[in-house]
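Number 120 in my numbering belongs to position 120 of the sequence shown; there are no gaps in the numbering. Heads up, the beta-carbon is just placed ideally off N, CA and C, and yes, glycines get one too. To start, the structure under review is shown below, and the notes come after it.
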Amino acid sequence: MTFPISLNSGSTTYTPPISSTSTASSTSTSGANNNNVSNALTNAVTGTNSLGENAFLQLLVTQMQHQDPTQPQSNTQFIAQLAQFTSVEQMTNVATTNNQLEAFQLLGHTVAVKYNGNSDSGVVTSIATNNGSPILSINGNAYPLSSVVAELK
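Shown next as structure tokens:
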């Protein structure tokens, strides 16, 4: 499961998707450490600009390695971040499952779609997925689930 991250160009600021109280840049005081955190963050990001579980854990380890020894973060903060990450991951799994369920419920039903400024309607004859997103086949054309504007009776 992946989650979006925010990178500011030219800086090491990281906005975690689960907590705004702890950032990678706030745990480091030297430029070299900031570069290490930035490099770890860059290595953690996949081609889809998202943060997976392994990358998140790698980032937590990097935060722990480069934190200011005079102001260390408590272990409970890291555990709380991990618990929040797991919670967000599970909510995303539920949302994905709901989208797929919604698409399968439309199978065999007549729907109206609007996609790229064009409107179409017809019976949903098949369903495929593209990166976990349902794609409906209507009149031989493929439409994302988000393009459905109404189910026709």
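Compute the distance between the beta-carbons of L136 and E102, then report whether it is under 8 angstroms.
The residue you call residue 136 lines up with position 136 of the sequence shown. The residue you call residue 102 lines up with position 102 of the sequence shown. Their beta carbons are not under 8 angstroms apart, which means L136 does not touch E102 by this criterion.
Simplified DSSP state of I138, which is helix, strand or coil
Here the question's residue 138 lines up with position 138 in the sequence shown. Reduced to three states, the DSSP call for I138 is strand.
Grouping DSSP H, G and I as helix and E and B as strand, with all else coil, what is L152?
If you number the sequence shown from 1, residue 152 lands on position 152. Strand.
Does DSSP classify S126 as helix, strand or coil?
Here the question's residue 126 lines up with position 126 in the sequence shown. Here S126 sits in strand by DSSP.
In terms of residues, what are the limits of the beta strand (DSSP E) holding T110?
Within the sequence shown, numbered from 1, the residue matching residue 110 stands at position 110. Where T110 is concerned, the enclosing beta strand (DSSP E) stretches over 110-115.
With respect to the alpha helix (DSSP H) encompassing S87, which residues constitute its N-terminal and C-terminal limits?
For the purposes of this step, residue 87 is taken as the residue at position 87 of the sequence shown. Run containing S87: 75-106, per the alpha helix (DSSP H) assignment.
Give the secondary structure of N131 by DSSP, where H, G and I count as helix, E and B as strand, and everything else as coil.
The residue you call residue 131 lines up with position 131 of the sequence shown. Correct three-state label for N131: coil.
Is it buried or exposed, Q239, if we count other Cβ atoms within 10 angstroms and call 16 or more buried?
Within the shown structure, residues of the chain are numbered from 1 to 153, placing residue 239 beyond reach of any answer.
Check whether the Cβ atoms of V149 and A112 sit closer than 8 angstroms, and answer yes or no.
Locating residue 149 in the sequence shown gives position 149, where the first residue counts as 1. Locating residue 112 in the sequence shown gives position 112, where the first residue counts as 1. It is a contact, given that the beta carbons lie within the stated cut-off.
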